[in-house]
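Reviewing the structure listed below.
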Amino acid sequence: MIATYSTLDRGSYHFRIRRNAIIAGMYTGAMSIVVAIYCGWRLVVNARHKEALQDVYWGVQISYMANIGCQFASVFLGTLLLVAVNRENAALIVPWVVGTIAFIAMEAVGTVYSNVLRDHVNHEFDTLCKVEAAFLFGRGVLSSVAIYTVLRVYRALKTGVRFSGPELVEL
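In my numbering, the protein residues as written are 7 to 177.
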């Protein structure tokens, strides 16, 4: 054993990586809810101004619906990550990692697709397109950091590190 339990209890390396993984799970859920609310708002706005999007209306709507589906799945995976870290179950961490990577890519495709379709109608990338792209890039960077922190916990669990206190042994 590298350190005593009292040292670990005060906040050593292992507890910090566990805390960071929990923060990554909460970040995933919270940001997914924010993005789902935004996409829902865009669905309503686009439905009210259907004539402004002309022939690309359904493509834009479907891309926002796909993003909402990705966000609901990300909320589920974020919850699964919190359960996995609290139960110290490395096998439950894998779906979060794979799903997060896949949903980042799917969200990027949906966002770019809706922006390109709106550009087709507007003949320029409007401010909303630029804001969406910047937000997507920022989320991608933060999600990459979250994946890194969760993989550190995964590796620690696979090597045998446990975050719970010492077991009581009765003689």
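Virtual Cβ for every residue (Gly too), placed ideally from N, Cα, C. Source: prediction; values computed, not measured.
### Query
Helix, strand or coil for Asp132 per DSSP?
coil
### Message
At the level of alpha carbons, what is the spacing between Ile28 and Ile110?
### Response
19 Å
#### Entry: Nearest-angstrom Cα separation, counted from Arg24 out to Val159
6 Å
### CA-to-CA distance, Arg22 to Leu14, given in whole angstroms
With a pLDDT of 46 at Leu14, under the threshold of 50, the modelled position of that residue is not reliable, and the figure given next carries that caveat. Each residue's alpha carbon lies about 10 Å from the other.
### Task
Taking Thr34 and Leu87 to be in contact with their CB atoms under 8 Å, please state how far apart those CB atoms are, rounded to whole angstroms.
With 8 Å as the limit, Thr34 and Leu87 qualify as a contact, their Cβ atoms being about 7 Å apart.
### Message
My parser needs the alpha helix (DSSP H) runs of 4 or more residues fully inside the stretch 24-60; what are they?
### Response
56-59
### Query
Alpha carbon to alpha carbon, how far is Gly105 from Met112?
10 Å
#### Entry: Pairwise C-alpha distance: Tyr70 and Gly46
Approximately 8 Å between the Cα atoms of the pair.
### Task
Can you have a look at Asn121 and say buried or exposed, based on whether 16 or more other CB atoms are within 10 angstroms of its CB?
buried
### Query
How many whole angstroms separate the CB atoms of Thr155 and Ala30, which I take to be in contact at a CB cut-off of 8 Å?
5 Å
### Message
Which residue wins for smallest C-alpha separation from Glu57, given the options Cys76, Asn128, Asn92 and Ile153?
### Response
Nearest option by C-alpha distance: Asn128.
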